[in-house]
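First the structure, in the form of structure tokens, and then the observations on it.
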Amino acid sequence: MHALGCSTITFRMLDLPTALDWIAAEGFQAIDLGVIAKFCPHVNPRRLADEIAAHGLRVSTCNAWSLTALNGPEGPETELGWLRASLRLAAALGCYALSMQPGRKADEAQWLEQARAVAGIIAGLGAYARDAGVQLAVEAPHKGTLAETFDQALAFLEMLNTDLVGVALDTSHIRNGGATLPQAVSVYGERVKHVHLRDFKDGSISVTPGDGDIDFGE
Numbered sequence: 001m002h003a004l005g006c007s008t009i010t011f012r013m014l015d016l017p018t019a020l021d022w023i024a025a026e027g028f029q030a031i032d033l034g035v036i037a038k039f040c041p042h043v044n045p046r047r048l049a050d051e052i053a054a055h056g057l058r059v060s061t062c063n064a065w066s067l068t069a070l071n072g073p074e075g076p077e078t079e080l081g082w083l084r085a086s087l088r089l090a091a092a093l094g095c096y097a098l099s100m101q102p103g104r105k106a107d108e109a110q111w112l113e114q115a116r117a118v119a120g121i122i123a124g125l126g127a128y129a130r131d132a133g134v135q136l137a138v139e140a141p142h143k144g145t146l147a148e149t150f151d152q153a154l155a156f157l158e159m160l161n162t163d164l165v166g167v168a169l170d171t172s173h174i175r176n177g178g179a180t181l182p183q184a185v186s187v188y189g190e191r192v193k194h195v196h197l198r199d200f201k202d203g204s205i206s207v208t209p210g211d212g213d214i215d216f217g218e
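Going by the working numbering, the sequence shown opens with residue 1, and the numbers climb by one from there.
Printed below as a string of structure tokens:
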């Protein structure tokens, strides 16, 4: 069983040392490290690992908030390079998994074609992750992406190899996507490799657990 950790994205308004101070002060021992495209392009893995360890913390997972451009008009190569680099960073930090988003939202008429194209790309990333010793997990559903609704997420995940790609289950996106937690857990089963705990209220996915509408005891 993996430990309950804290995402550095929770403290995204702070610099990393200050964020780590806050996280450690709350008693956490593990973090989900937010890796955001164009925000940290020159990170030194060894220096980063030492800084995190100095706070008594370890990196359990990375959340590669990408450009969601795998199906963009500019083509997937820039984002692919970013995601591969993120996977190498995750491996260097000893992460067991890295979560990513499933491409940008598409019109209904183009959805199937774009979903198939993105699924093919993610299959290659899944193999790359496996070879690096990291579990790749797609956050689906996820607001504003190809898999925004729960039905879209199910259709998209059917296109992926379960041996290579798991699911990162975000409780707020599940609710926003029109499903309940029991429904999602029942359908996803062992495909769930990582969980983001957030609440949902009045259309917002950025709600502290316990302050929204989700019944975490269901």
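C-beta: ideal position from N, C-alpha, C; glycine also. Source: prediction; values computed, not measured.
- Here the alpha carbons of Asp213 and Gly189 stand approximately 23 Å from one another.
- Under the three-state reduction of DSSP output, Thr145 falls in the strand class.
- A residue is called buried once 16 or more other Cβ atoms fall within 10 Å of its Cβ, and Thr18, having fewer, is exposed.
- Between Glu218 and Asp170, the C-beta gap is not smaller than 8 Å, which leaves the two residues out of contact.
- Counting along the chain, no beta strand (DSSP E) covers Phe150; the unbroken alpha helix (DSSP H) around it starts and ends at Phe150 to Leu157.
- Residue range Leu16 to Ala25 is occupied by the alpha helix (DSSP H) that includes Thr18.
- Linking Arg88 to Glu51 through their CA atoms gives a straight-line distance of about 18 Å.
- Scanning its chain for C-beta atoms nearer than 8 Å, with the 5 sequence neighbours on each side dropped, one finds around Phe11 the residues Thr18, Ala19, Trp22 and Ile23, in chain order.
- In the DSSP annotation of this structure, the continuous segment of the alpha helix (DSSP H) that includes Arg175 starts and ends at Thr171 to Asn176.
- For Val118, the enclosing alpha helix (DSSP H) starts and ends at Glu108 to Ala132.
- If the five residues before and after Lys193 are omitted, its C-beta is found closer than 6 Å to the C-beta atoms of Ala97, Gln135, Ala137 and Gly166, all from its own chain and listed in chain order.
- Between Lys105 and Ala64, the alpha-carbon positions lie close to 18 Å from each other.
- From the listed residues Asp163, Ala90 and Gly126, the smallest Cα separation to Ser60 is found for Ala90.
- Inter-segment contact for the region 148–156 and the region 68–80 is absent: fewer than three beta-carbon pairs are separated by less than 8 Å.
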